[in-house]
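Worksheet: the structure to be examined is printed underneath.
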Amino acid sequence: ACGAGDGSAGGSKGAAGDKIVMGFAQVGAESGWRTANTKSVRESAETAGIELKFSDAQQKQENQIKAIRSYIQQKVDVIAFSPVVETGWDAVLLEAKRAKIPVILTDRAIDSTDTSLYKTFLGSDFVEEGRKAGKWLTETANGPVNVAELQGTTGAAPAIDRQKGFKEAIAQKPDIKIVATQSGDFTRAGGKQVMEALLRSHPNINVVYAHNDDMGLGAIEAIKAAGKKPGTDIKIITVDAVKAGMQALADGEINYIVECNPLLGDQLMDLAKKVVKGESVPERVVTEETTFTTEQAKKVLKDRKY
Ligand code: GZL
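With my numbering, the residue at position 174 of the sequence shown is 190, and numbering never jumps.
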C-alpha cells in the first residue's frame with residue numbers, strides 16, 4: 017500500500033504549485049471530539065494550501081459512500097475519510113482505485129484485507145485506549161466491581177477495539193465484571209438514555225466505562241437524576257479528553273479519562289501531499305495521546321485546545 021506501487025501515476029499537483037484538491041467524507045457531528053477533528057482538518061487544509069471539499073454524513077454509511085462517489089466524479093486528487101463502521105467499503109474504494117484516486121483513512125479503520133485500497137491509516141490505537149482504561153480500574157478497584165459499559169457506534173472500530181482492550185486489561189482481576197453493555201452511539205443523548213435504562217435494570221452498578229466523553233456526560237445526567245453522585249457513588253471512566261469531559265474530570269464527576277487526539281489535520285495534509293506526489297508513506301501512523309486523572313485535569317484544563 018506504500019507509494020505509487022499500484023501503478024497510479026505520481027501526480028504533478030502540489031509540486032507545480034497548482035492546488036491539491038482533497039475530498040473529505042466526515043462521519044458527522046456527533047460529539048465534541050468530532051467537532052474538534054473537523055476544525056483541525058479544515059484549519060490544516062487552509063494552512064497547507066489544499067482545497068478541501070467536505071461532507072458530513074450524519075453518521076450514516078450510505079451518505080459517506082455517496083460523498084466518496086461524488087469526489088470520484090469530481091476527479092479530486094485525494095480522498096480522505098473516517099469510516100463510520102469497519103465493514104462495507106471495498107466496492108467504493110475499488111472505484112476510487114480504478115479512478116486512480118489515492119485514499120487515506122483517518123481516525124477510524126476498515127476491516128478490508130485488501131490494503132491496496134488505501135495508502136495509509138492515520139489514527140489512534142483504540143485497543144490501547146481500552147487497555148489504559150481497564151488498567152486504571154484494575155489498579156484502583158478494591159474488591160468486586162460491577163461495570164456498565166456504554167459502547168460507541170455499533171460496528172465502529174473505536175467501539176470494537178475499546179471494548180477489546182478494556183476486557184483484556186480487566187481480565188487480570190476476575191472480580192471486575194462487565195454486568196451490562198449497550199451502545200449509546202457516541203452521543204450525549206445516547207449515553208443518558210442507556211444509563212437511565214441500566215440504572216433501572218442494574219441497581220448494583222459501581223463503575224461506568226463510556227467509550228467517549230459525550231456518553232459519559234449523558235450518563236452523569238442520568239446518575240444525578242437517579243439521586244446518586246457521579247464520580248463518588250458510581251465511578252466514571254471515559255475516552256477522548258475534550259473540554260467538557262476534562263471539566264467534569266476536574267470537578268470529580270468523571271474519575272479518569274483516556275485521551276484520544278482529534279488534532280489529525282496537519283499529519284493528514286502532510287500525508288496527502290506525499291501521496292499525491294506518488295511518494296511512499298507508512299501504512300500506519302499512530303497518533304500520540306495520554307491519560308488524565310482529576311489532579312492532572314485541574315492543571316491542564318485552561319491550556320486545552322479543544
Ligand atoms: C475516535 C473517534 C470517536 C470518538 C468519539 O477516534 O472515532 O468518534 O472517540 C467520536 O467521540 O464520536
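Where is the CB? At the ideal position from N, CA and C, for every residue including glycine.
Extent of the continuous beta strand (DSSP E) to which residue i belongs
| i | result |
| --- | --- |
| residue 137 | 136-139 |
| residue 273 | 272-275 |
| residue 94 | 94-97 |
| residue 122 | 119-122 |
| residue 69 | 67-72 |
| residue 165 | 161-167 |
| residue 323 | The first residue shown for the chain is 17 and the last is 322, placing residue 323 beyond what the model contains. |
Rounded straight-line distance, which links the Cα of residue j to that of residue i
| i | j | result |
| --- | --- | --- |
| residue 138 | residue 262 | 24 Å |
| residue 243 | residue 254 | 21 Å |
| residue 168 | residue 143 | 13 Å |
| residue 111 | residue 57 | 24 Å |
| residue 273 | residue 314 | 13 Å |
| residue 269 | residue 260 | 11 Å |
| residue 186 | residue 54 | 33 Å |
| residue 218 | residue 149 | 22 Å |
| residue 40 | residue 201 | 22 Å |
| residue 287 | residue 102 | 22 Å |
| residue 51 | residue 60 | 14 Å |
| residue 120 | residue 208 | 34 Å |
| residue 86 | residue 70 | 11 Å |
| residue 129 | residue 107 | 13 Å |
| residue 277 | residue 197 | 25 Å |
| residue 251 | residue 141 | 24 Å |
| residue 134 | residue 223 | 39 Å |
| residue 232 | residue 115 | 42 Å |
| residue 37 | residue 95 | 9 Å |
| residue 45 | residue 221 | 30 Å |
| residue 24 | residue 279 | Note that residue 24 has pLDDT 47, beneath the 50 cutoff, so the model's placement of it is unreliable and no number is given. |
| residue 291 | residue 76 | 27 Å |
| residue 73 | residue 158 | 43 Å |
| residue 175 | residue 165 | 11 Å |
| residue 82 | residue 113 | 16 Å |
| residue 65 | residue 88 | 21 Å |
| residue 43 | residue 203 | 13 Å |
| residue 18 | residue 302 | With a pLDDT of 38 at residue 18, under the threshold of 50, the predicted position of this residue should be treated as unreliable, though the coordinate-derived value follows. Taking the straight line from one Cα to the other gives about 16 Å. |
| residue 249 | residue 62 | 46 Å |
| residue 216 | residue 131 | 45 Å |
| residue 8 | residue 267 | Only positions 17 to 322 of the chain appear in this structure, which leaves residue 8 out of reach. |
| residue 319 | residue 67 | 30 Å |
Heavy atom of the ligand GZL within 7 Å of residue i beta-carbon
| i | result |
| --- | --- |
| residue 46 | yes |
| residue 49 | yes |
| residue 256 | yes |
| residue 230 | yes |
| residue 268 | no |
| residue 140 | yes |
| residue 97 | no |
| residue 202 | yes |
| residue 85 | no |
| residue 300 | no |
| residue 168 | yes |
| residue 147 | no |
| residue 320 | no |
| residue 123 | yes |
Residue range of the unbroken alpha helix (DSSP H) whose run includes residue i
| i | result |
| --- | --- |
| residue 89 | 77-89 |
| residue 57 | 48-64 |
| residue 153 | 142-156 |
| residue 113 | 106-114 |
Proximity test, residue i beta-carbon vs the ligand NAD heavy atom, cut-off 7 Å
| i | result |
| --- | --- |
| residue 174 | The ligand NAD is not part of the structure shown, which contains the ligand GZL as its ligands. |
**Item:** Length-filtered (3 minimum) beta strand (DSSP E) runs lying within the region 170-206
**Value:** 192-199
**Prompt:** Can you give, in chain order, each stretch of the beta strand (DSSP E) that sits fully within the region 236-316 and has at least 3 residues?
**Reply:** 251-256, 272-275, 300-302, 307-309
**Asked** Taking contact to mean at least 3 C-beta pairs separated by less than 8 Å, is the region 159-176 in contact with the region 91-106?
**Response** yes
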